[in-house]
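> Numbering-wise (the numbering used here), the sequence shown opens with residue 21 and increments by one.
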Amino acid sequence: MADAVTFSFSDTIAGYVTRFDSGTRLLRLKTADGREFDVSLAGDPSAELVRNLDEPYIDASGHIDEMLSPGRFLFVYGVHYPERGGGFDAKRLVFLGRGAEDYRFEEPSWWIKQIESLADFYKRAQFGDGPVDFTEYRTEIRLGGDKTASHVQETDTISRLVYGMASAYLLTGKDEYLEVAERGTEYLRKHMRVVDSEEDVVFWYHGISVDGDSERKLFTSEFSDDYDAIPMYEQIYALAGPIQTYRVTGDIRIKNDADATIRLFDKFFFDPEQGGYYSHIDPILFSADHESLGENAERKNWNSVGDHAPAYLINLYLATGDQKYADFLEYTFDTIADKFPDYKNSPFVQERFFRDWSHDTAHSWQQNRAVVGHNLKIAWNLMRMNSLKAKPEYEQLAKKIGEIMPAVGSDVQRGGWYDVVERLKGGDQEAYRFAWHDRKAWWQQEQAILAYLILNGTVGGDANLREARQAQAFYNTFFLDHDEGAVYFNVLASGTPYLLGTERLKGSHSMSMYHSAELCYLSAVYNNLLINRREMDFHFQPDPTNLPDRVLRVSPDLLPAGSVRIASVEIDEKPYTDFDADALTVRLPDVQGRVKVKVRLRPVTK
């Protein structure tokens, strides 16, 4: 085998400018891990400025020389040629801002505009120009927003769409988004919810198959990993959209559904002897150890233990301030901090367990593999929880993950974050092997962005800010679909969209509007309120009679105590002064019916 690459190939380099010679047209870039590459610009490459969804192409080809100042971060796509030790000819440059220290995705309205575009895309894809009628909803949506022939409506994907629309309303105050969120919540309650009065619990169907005016309930999961069982994560994500809507409206029926679903978790998924929650129960006896579950019997995993927090539980606490939800969150993160680290064996957390918390390293597709995004998701959510109840083990684990992960889970050459990798190296391997491919999924970029944004916004650090910027740069450069709208599911390592199979779709069992909208919502919060110290507006539309003592809680996330306060409040577009600025609460007027509330939050000067 040849010792050197002897063929040409196209690729991407993400790096910082160290030197540019306009005479020789030679650019030197330093990658995130400190390696330097010479890039030839002699072939007159195109250049552009990164752009948001719904923005036109911004050509920068005539400004290349003046923009290549030292220290600037950019992406270069080009062709590697093997002659004379190898050379790289640039074909396309992408700049992240007009100035060397400018990053467009840190503009105050960047993420707000992006969530508006996402909401418009999914509203148009599902309902066209007609009324918001969820009988027309379909799980599968093609690249351009068209529906497939499939007539299945999955509970979780409706919930995820509802989450995105409620989040878009929180940031924009546009009634059309709240209408979709509320109608979707009602549809879930009417068609997918099961009230078990005997057990005093609520559980949710996997979905329904629609055929004209008739519908067939899909009781158990149709997804291959969970077939013919009731997986915990489907019950968890059934709550995601309604609870985000509850934050806006205070509809007590939603809270009652959540409480009844939590009773389901505690009655049938909880392990009172060994702790934690099982991943599956059988549909007949609601038992976690039934033989029909096969390899899912008496198993625990990240989704069953940890996904409560980001999917619904943090938002349920934010809306209510109820101590029982804080206690549930604390139990969740205590379990994660205790059971998931495995640093004597691997730089990645352990994700699957038997009942006694011994490691399950032969389960289905996962085997002894790491989902990169789950590690980052843990770091992000630990820092959220640390703002509610600080514990050294929370911050230490989050910081450790933040320090370890770039070298083992990110692409230090091209930017972005990988998908699934082997948790252990084999033989004389120097790098952790990819399980199947080196593609990059949209949701894993989200976890990286939010992890490093909140780390930087809470504990600081230049390294955290650099990782946050690099992750945001890759996502906004390569995942936004400027032709059809919304975001791609997967891209190749180089950033080129991967458009085959279910990964070609904009709606599927795995993709709706949840992760892309959550990213927009919290990136706006962290960038504006924690990092760049800028004011933000949030919108609510409750009926005061639905809220205990007519108190509306408006904290946008679990943020460090005292980091933000209310600057002003408007109700029905008129100034309103009955609020507690530091407690982030508004006492609503004693009136019947909905009121529109606009709250401006201001970061507290450090």
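Quick reminder that beta carbons are idealized off the backbone N, C-alpha and C, glycines included.
Take Val441 as the anchor and find which of Ser229, His394, Ile398, Leu47 has the nearest alpha-carbon.
His394
> On a Cα-Cα basis, can you pick out the residue from Arg404, Gly447, Tyr508, Leu396 that is closest to Ile424?
Leu396
> Quick one: using the 10 Å Cβ neighbour count with 16 as the cut-off for buried, is Phe40 buried or exposed?
buried
> Thinking just about the alpha-carbon of each residue, which of Ala491, Gly261, Arg283, Pro251 is nearest to the one in Glu199?
Gly261
> Where does Leu238 fall in DSSP's three states?
strand
> Which stretch, first to last residue, makes up the alpha helix (DSSP H) that contains Asp347?
343-359 is the span of the alpha helix (DSSP H), which, as asked, contains Asp347.
> Using alpha carbons as the reference points, say which of Gly296, Arg620, Phe125 lies closest to Ala374.
The residue asked about is misnamed: residue 374 is Phe in this sequence, not Ala. For Phe374, the nearest C-alpha among the options comes from Gly296.
> What's the call for His383, buried or exposed, on a 16-neighbour Cβ count within 10 Å?
buried
> Using a Cβ distance threshold of 8 Å, determine whether the stretch 122-138 contacts the stretch 72-92, with at least three qualifying pairs required.
yes
> Which of helix, strand or coil does DSSP assign to Asp85?
Reduced to three states, the DSSP call for Asp85 is helix.
> With a cut-off of 8 Å on the beta carbons, I'd call Lys675 and Ser299 a contact; round off their distance for me.
Nothing can be reported for residue 675: it is not among the residues displayed for the chain, which extend from 21 to 626.
> When DSSP labels each residue in this structure, what does Tyr225 get in the three-state scheme?
coil
> Smallest Cα separation from Lys237: which of Pro292, Asp279, Thr175, Gly119?
Thr175
> How long is the line joining the alpha carbons of Thr205 and Gly119, rounded to whole angstroms?
The alpha-carbon atoms of Thr205 and Gly119 are separated by roughly 44 Å.
> Within 10 angstroms of the Cβ of Ala427, are there 16 or more other Cβ atoms? Answer buried if so, exposed if not.
exposed
> Confirm, please, whether the CB-CB distance from Gln561 to Thr652 is below 8 Å.
Since the first and last residues shown for the chain are 21 and 626, residue 652 lies out of range.
> Enumerated in chain order, which unbroken segments of the beta strand (DSSP E) with a length of 3 residues or greater are wholly contained in the stretch 389-466?
389-391, 440-442
> Three-state secondary structure (DSSP) at Arg209?
helix
> Using the C-alpha atoms, what's the distance from Leu88 back to Arg104?
26 Å
> For the stretch 532-547 and the stretch 459-470, state whether three or more C-beta atom pairs, one from each stretch, are separated by less than 8 Å.
yes
> Report the three-state DSSP secondary structure of Lys143 (helix, strand or coil).
helix
> Contact between the stretch 518-530 and the stretch 155-165: three or more CB pairs below 8 Å?
yes
> To the nearest whole angstrom, what separates the beta carbons of His100 and Phe29, a pair I think is in contact under 8 Å?
5 Å
> Kindly list the residues whose CB is nearer than 6 Å to the CB of Ile92, restricted to its own chain and excluding five residues on each side of it in sequence; keep chain order.
Contrary to the premise, residue 92 reads as Arg rather than Ile in this sequence. Contacts found: Val37, Ala120.
> Just checking, does the stretch 215-222 make contact with the stretch 281-294 on the three C-beta pairs under 8 Å criterion?
yes
> What span of residues does the alpha helix (DSSP H) with Asn496 cover, start to end?
Unbroken alpha helix (DSSP H) run through Asn496: 482-498.
> Applying the 10 Å Cβ sphere with the 16-neighbour rule, what's the burial state of Pro128?
exposed
> Helix, strand or coil: how does DSSP classify Ser312 here?
helix
> What residue range is occupied by the uninterrupted beta strand (DSSP E) comprising Ile591?
Residues 584-591.
> Exposed or buried, which one is Trp400 when buried takes at least 16 other CB atoms within 10 Å?
buried
> In three-state terms, what does DSSP make of Phe285?
helix
> Name the two residues that bound the continuous beta strand (DSSP E) containing Gln173.
172-174
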